[in-house]
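What follows is a set of notes on a single structure, which appears directly below.
4 protein chains.
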Amino acid sequence: MRIGVIGATGYTGSAVLGILAQRPGTEVTVVTSRGEAGRALTDSLPHLAGVPAYAGLVLEDPADLEKIRETDPGRFPEVFFLAVSHRASMALAPRILALGAKAIDLTGDFRLKSAAQYPVWYKAEHESPELLAEAVYGLPELHRAEIPRARLVANPGCYPTCVILSLAPLAEKGLLGPDSPVICDCKSGVSGAGKSPVPSSLFSEASDNFHAYKVTGHAHTPEMIQELSLLARRPLRLSFTPHLVPMNRGIEATIYLDAERLPPYQEIRGLYELRYASERFVRVRPEGRVPETADVRGTNFCDVALFLDEGAGILKIVSVIDNLARGAASQAVVNLNLVSGEDEGLGIPLAALRP
Amino acid sequence: MRIGVIGATGYTGSAVLGILAQRPGTEVTVVTSRGEAGRALTDSLPHLAGVPAYAGLVLEDPADLEKIRETDPGRFPEVFFLAVSHRASMALAPRILALGAKAIDLTGDFRLKSAAQYPVWYKAEHESPELLAEAVYGLPELHRAEIPRARLVANPGCYPTCVILSLAPLAEKGLLGPDSPVICDCKSGVSGAGKSPVPSSLFSEASDNFHAYKVTGHAHTPEMIQELSLLARRPLRLSFTPHLVPMNRGIEATIYLDAERLPPYQEIRGLYELRYASERFVRVRPEGRVPETADVRGTNFCDVALFLDEGAGILKIVSVIDNLARGAASQAVVNLNLVSGEDEGLGIPLAALRP
Amino acid sequence: MRIGVIGATGYTGSAVLGILAQRPGTEVTVVTSRGEAGRALTDSLPHLAGVPAYAGLVLEDPADLEKIRETDPGRFPEVFFLAVSHRASMALAPRILALGAKAIDLTGDFRLKSAAQYPVWYKAEHESPELLAEAVYGLPELHRAEIPRARLVANPGCYPTCVILSLAPLAEKGLLGPDSPVICDCKSGVSGAGKSPVPSSLFSEASDNFHAYKVTGHAHTPEMIQELSLLARRPLRLSFTPHLVPMNRGIEATIYLDAERLPPYQEIRGLYELRYASERFVRVRPEGRVPETADVRGTNFCDVALFLDEGAGILKIVSVIDNLARGAASQAVVNLNLVSGEDEGLGIPLAALRP
Amino acid sequence: MRIGVIGATGYTGSAVLGILAQRPGTEVTVVTSRGEAGRALTDSLPHLAGVPAYAGLVLEDPADLEKIRETDPGRFPEVFFLAVSHRASMALAPRILALGAKAIDLTGDFRLKSAAQYPVWYKAEHESPELLAEAVYGLPELHRAEIPRARLVANPGCYPTCVILSLAPLAEKGLLGPDSPVICDCKSGVSGAGKSPVPSSLFSEASDNFHAYKVTGHAHTPEMIQELSLLARRPLRLSFTPHLVPMNRGIEATIYLDAERLPPYQEIRGLYELRYASERFVRVRPEGRVPETADVRGTNFCDVALFLDEGAGILKIVSVIDNLARGAASQAVVNLNLVSGEDEGLGIPLAALRP
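Protein chains in written order, with the numbering used here: chain R, 694 to 1048; chain P, 694 to 1048; chain S, 694 to 1048; chain A, 694 to 1048.
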């Protein structure tokens, strides 16, 4: 299978390449970068210099996709990963589809079903609203049936992946609703901010420091609400706060629910264990075990645990993922596996790199 | 003024010494360490080797306090900092008082008013319950009137300092109560775990990692509830979850309240600004500014900010302190200032070391 | 092929398990831990809980190896990894060999050819000196011919792997000798110190800190000198200084040689390129590219670069490895591949996890 | 004394302000920033918001210095700190002097005596070569006699401060010379790269990573050679290699010399102890104690230790400073003390913030 990666030199693009490097039967034939076109891939990404299959790859200009298709159709990818900036996929995805390839989009551009939400959360009118209905939200645990038929997969955001998987069993059972708020206190490693040099991502700013950001609104909020409301079949009252952790990779979510409005704790545990019993990439942790981001580093796992604060009557759901893997690249490769009819786990790393 | 530091080589003890090093009129005459008695102080703590006043100090055995009092009364301290392990102050404090000195206790041993709580939260019967009523909880913003008269000051825990200061203005106005939960999601740097080599404090475990701990119960919980209930004059439903951040110093609290049960946001902002207008060590941050732990590193400040999540109807209170400074050593020195009739800010660092 | 891991819960043992998890045709049948015998493997190492093959493994007591061999010979491993503390393999290796299995030893116990060196560097008489001659030093680039025939492979130390690969091309050409010193300034991540909770490995000690250690003598020194002298066929004057870096994984070596005693710079570059042209796990970096430890994280690569300081007449050789991978676990699995006649790269990760 | 800080919002400028905040008798009357002129100082630097003296300061445009002098002479500073980018002081310093004030320059612009060196190392012709002879190199241990009379102090670079102090006792005794190379392997925290968002300073690039940089030439090299040659009264063969450490603050130097060309080790120790016996900011560490950057964090100390590698015949000098304090801001304030006739240690922090 021929694969293309648009935006190959960013953190998510290179994370996709890192996983594809060891996926059997994968041929990466096109890699692009607007800023570094013409350069050898492994000159830009020296950490991938040992992968024989990447030895000859040269970064191309994404403007040249049509030309490549025409002049060298045998090299043209069947599936593209769009690992570009938010808003850049709006125009890119229709081009990919028009060229007869499928697209797995790692931006937020096709995750929301309502075009009206884009100006609110992404500060831009959607450029291809006609594709929103067709795009499939690529969270396999929720949309496994639809993904294989999709031309355009909207790979979920990192925070939403963690939060939705943490709450889906409750939502599906109608246990979430507008009456009682769901508090989602989330924390992310700095790689989530991408490779662009912005001041808050500097080592000297982020290291030995911790703080919240976008406290009154983050673009991942509507994605969480959309998917969970869909499951719950009613509106939700969900409050999301992201924080920046001085670490490279990892997302942790600590979620708070009013236990007094829920079934007994052991019943909820049973619900989670049952819901995820056959999901190989969700690990419901044994009672008392606290999920740690290091336990999922480099993998596609989402670890979930449940705790009851009896004194305050609060149910705490604690979960972790690797923001660049399950929150981006490895989930995208799972989606590749699904759209190409392969085993869902083909090439997906199982052993976390810890420490 | 002659000062003693019991447990001088731990993180809180050496942080106290670091601050006293530049406090005018301070003479540290006794430093103790059970494990390192007989050693020069600056041999154990080479980072303090440049302080002239510490040049001749030798670590003594805390068992020898009575002997020092007897043989060398002119050297015996007027005030002691107890920077020992939890449960060790229970027996130590009465000895200090019996020797005619005052004690500022940095452990949890005299923070709770009810002796019955100690077996629950500290896994031990209290050894000196008769002192619990006398001990003053050393949070100056709450107990400034009582501290100067105290023989025994219970210096607050790090998490409670941050949480109580964040909620006191609401509690005092009767805006907290048992009906609606207060969610306190807190994060701490690793120095909070102390200098004892336990596996979870190892660099290779804590670095590039993030996780919650003691999710169903942490000994700082009753302290928060005690002080806030006292202010609110009714019970509270408070849920506290601590997390470990890969950083040395700092605590952040993100606190969630149901905004629908509270006065309008701008009214609450006004309440905080008024409450802390004359408090030099609490900075209510201007609207939109998110507190960062690096902004208080090495100082006694507590930075507090308020945010309204309109979509979910949640009030978010975000605050930060330095766990070893405001959460331990610098607050203890403020208490020293109060018990000795000095200006509250004498010797207290004002400029954060950032980066 | 049946594999055993002695000391499965330490950092090198679990790193071996992490790599074996994705090596085709590998069956781990015995895992041991003195301290945690009886516990499920994935209970001790929750980051490996998603590997189906490890689901049923229970940690056993290493004292029981003979019993396992007797009662369950079909489960007994053909090859063991000894991932224990220094000095523990001295008695363990002969037991493994006597049971008919091969041993890949990750300690320093069989690396030095002279039994007389052990009391000097490892503070203990060797318990099995008769095996020293037989043990093969498992650096494939130097001993590829001997490893396949070995019963006992002494997997190289982390620092020596980096230093020896950096200097072998010069040593082999007789360009190193006793006249001019070789200065090896090396830096390591904290995981090199292992999982034992010692004070200097605490996060609060190692983070935001940097320092040398064992400045006048580290047990890896004789290993470097032994192998390089062997190649050079004469004694060497080599000075090694290790430093501790606040990072999890990685070793960097900056090596200094008097350029005035060496052939011209471009000739030396040519020498390195030729020497390593067919070595898949050594990357001689293009001119001007500085090796970074993050570029080899999780992989078996050693990246080497050469620089000429013209002003001072100094040749600088800069190299990096991952201390837990090339410096321990992945090199051990390469040795497994060699002793079992497999392709040298079977199951060895090629793409670094960066960031 | 009225003080001005040009470039107040960068890391060195704000570090100067942090120290001045607690220096008695200091009135900061002018702070400038090209990019943030018009903003309140504590809006840009919220970590200084608790310093009463800074409450009313507004960032001004450095172009307005003459106007301030004219319209508000009573506010015009007597001494300015120039905490700007390299090459910006070349034109700024003569303006300050022309306005009748003194300048303590934290850039490299007046450190080298030979104008011819600037195009080589700073890639620019010097704009004020006439001031080079007048400028005094502000390393108090070497130039204490000249600094008080200087109008323009060239505050030393961070690496040179550490290296020169480590080698001065040998250079002064004629023990350094052109025959034998001095190898200076140095490591710095990321704050040394400043606050400009460049990719290599990103958290996700620098964290859990270690690498050398500018391996064939760094602008601090000529500064080291100039000062040490001056002491030695002959040329030197000095090789300097900087490395980037994932930490905020700190510089470590490990320096290698051929012990066979030097007096016996104990004699050299004696030389260092004697040389620095009356220097309050240089601590010659007791035998066997390895300097750690955390031991000097936030202070003006340079810790130096000597080790003999007997096997290789190498003398190792290991030293540490805080790059933003002794390597920039606190040394600059010591220079302020000297030019204003105050005690050298006025306002200089003595207790390191550790952890």
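Yeah, the Cβ is synthetic: ideal placement off N, Cα and C, and Gly gets one too.
Query - Residue burial classification, PRO833 of chain P (beta-carbon count within 10 angstroms, cutoff 16) - result: buried
Report task. Closer than 7 Å by C-beta to THR947 of chain A: which residues in its own chain qualify, once you throw out the five before and the five after it? Chain order, please. Result -> For THR947 of chain A, where only same-chain residues beyond five positions count, the Cβ hits under 7 Å are ASP878, LYS1009, VAL1011.
Query raised in the report: Candidates P:LEU924, P:PHE773, P:TYR852, P:PHE903: which alpha carbon is nearest ALA912 of chain P's?
Result: P:TYR852
**Report entry** Under the three-state DSSP convention, the category ILE948 of chain S falls into
**Finding:** strand
Query raised in the report: Since ALA791 of chain R is in the beta strand (DSSP E), which residue starts that stretch and which ends it?
Result: Taken as a continuous stretch (DSSP letters only), ALA791 of chain R belongs to no beta strand (DSSP E), being part of the alpha helix (DSSP H) at 782-791.
Query raised in the report: Is VAL1011 of chain S helix, strand or coil by DSSP?
Result: strand
Report task. With DSSP collapsed to three states, give me the class of GLY703 of chain R. Result -> coil
Query raised in the report: Excluding the five sequence neighbours on either side, which residues of its own chain have a C-beta within less than 6 Å of the C-beta of GLY700 of chain S, listed in chain order?
Result: Contacts found: GLY706, ALA776, VAL777.
Query raised in the report: Where does GLU665 of chain R fall in DSSP's three states?
Result: Nothing about residue 665 of chain R can be reported from this structure: the residues present for chain R run from 694 to 1048 only.
Requested in this report: Using a cut-off of 7 Å between C-beta atoms, extract the partners of HIS740 of chain R located in chain S.
Outcome: ALA987, ASP988, ALA1045, ARG1047
Query raised in the report: Any idea if GLN959 of chain R is buried or exposed, counting beta-carbon neighbours within 10 angstroms, 16 or more meaning buried?
Result: exposed
Query raised in the report: From the DSSP output, which residues share a beta bridge with PHE933 of chain R?
Result: R:CYS877
Query raised in the report: Does the segment 846-861 of chain A come close enough to the segment 822-833 of chain A that 3 or more CB-CB pairs lie under 8 Å?
Result: yes
Requested in this report: Check whether the Cβ atoms of ILE883 of chain A and PRO928 of chain A lie closer than 9 Å to each other.
Outcome: The sequence as given places Val at residue 883 of chain A; Ile does not occur at that position. Not in contact: VAL883 of chain A and PRO928 of chain A (Cβ atoms no closer than 9 Å).
Requested in this report: Determine which residues of the segment 805-826 of chain S have a Cβ less than 7 Å from any Cβ of chain R, and write them out in chain order.
Outcome: none
Report task. Assuming LEU860 of chain P and VAL875 of chain P form a contact by the criterion Cβ under 8 Å, report the distance between their Cβ atoms to the nearest whole angstrom. Result -> 7 Å
Requested in this report: Note down the Cα distance separating LEU964 of chain S from GLN715 of chain R, rounded to an integer number of angstroms.
Outcome: For LEU964 of chain S and GLN715 of chain R, the distance between alpha carbons rounds to 31 Å.
Query raised in the report: Identify the residues that DSSP records as bridge partners of THR725 of chain P: which are they?
Result: P:ILE699, P:GLU753
Query - Identity of the residue in P:LEU1046, P:THR800, P:GLU1035, P:PRO822 nearest GLY703 of chain P by Cα - result: That would be P:THR800, whose Cα lies nearest to the Cα of GLY703 of chain P.
Query - CB of VAL744 of chain A within 9 Å of CB of ARG695 of chain A, strictly - result: no
Query raised in the report: Going straight from the alpha carbon of GLY870 of chain R to that of ALA925 of chain R, what length do you get?
Result: 7 Å
Query raised in the report: What did DSSP end up calling ALA847 of chain A once you bin it into helix, strand or coil?
Result: The answer is strand: DSSP assigns ALA847 of chain A an E or B state.
Query raised in the report: What did DSSP end up calling PHE774 of chain P once you bin it into helix, strand or coil?
Result: strand
Report task. Starting from LYS760 of chain S, trace the alpha helix (DSSP H) both ways and give me its first and last residue. Result -> 758-764
Requested in this report: For chain S, find out if any of its Cβ atoms is closer than 9 Å to the Cβ of SER884 of chain R; answer yes or no.
Outcome: yes
Query raised in the report: What in chain R is Cβ-close to GLY1006 of chain P, meaning under 9 Å?
Result: PRO874, ARG930, SER932
Query - Range of the contiguous alpha helix (DSSP H) that encloses VAL989 of chain S - result: Where VAL989 of chain S is concerned, there is no enclosing alpha helix (DSSP H), given that its DSSP letter is neither H nor E.
Query raised in the report: Per DSSP, CYS995 of chain S is paired with what?
Result: In the DSSP output, where bridge partners are listed per residue, CYS995 of chain S has S:VAL975.
Query raised in the report: Comparing alpha-carbon positions, which option in S:SER1033, S:PRO1048, S:LEU1043 lies nearest PRO841 of chain S?
Result: Looking at the Cα atoms, S:SER1033 is the closest of the given residues.
**Report entry** Close beta carbons around PHE1000 of chain P, own chain, < 7 Å, minus the five adjacent residues each side
**Finding:** Same-chain partners within the cutoff: LYS1009, VAL1011.
**Report entry** Partner residues on chain A for GLU898 of chain S, Cβ-Cβ distance less than 8 Å
**Finding:** ALA987, PRO1048
Query - 9 Å Cβ cutoff, GLY991 of chain S in contact with chain R - result: yes
Query raised in the report: Considering only the beta carbon of each residue, do ALA1005 of chain R and LEU955 of chain P sit closer than 9 Å?
Result: The answer is no: Cβ separation not under 9 Å.
Query raised in the report: What do you get for PRO812 of chain P, buried or exposed, if any count of 16 or more other CB atoms within 10 angstroms of its CB means buried?
Result: When all chains shown are included, PRO812 of chain P counts as exposed.
Query raised in the report: Which stretch, first to last residue, makes up the alpha helix (DSSP H) that contains ASP1051 of chain P?
Result: A question about residue 1051 of chain P goes unanswered here, because the residues of chain P that appear run from 694 up to 1048.
Report task. Return the chain-ordered list of same chain residues with a C-beta closer than 6 Å to the C-beta of SER782 of chain R, the five sequence neighbours on each side being excluded. Result -> LEU775, ASP798, THR800, ASP802
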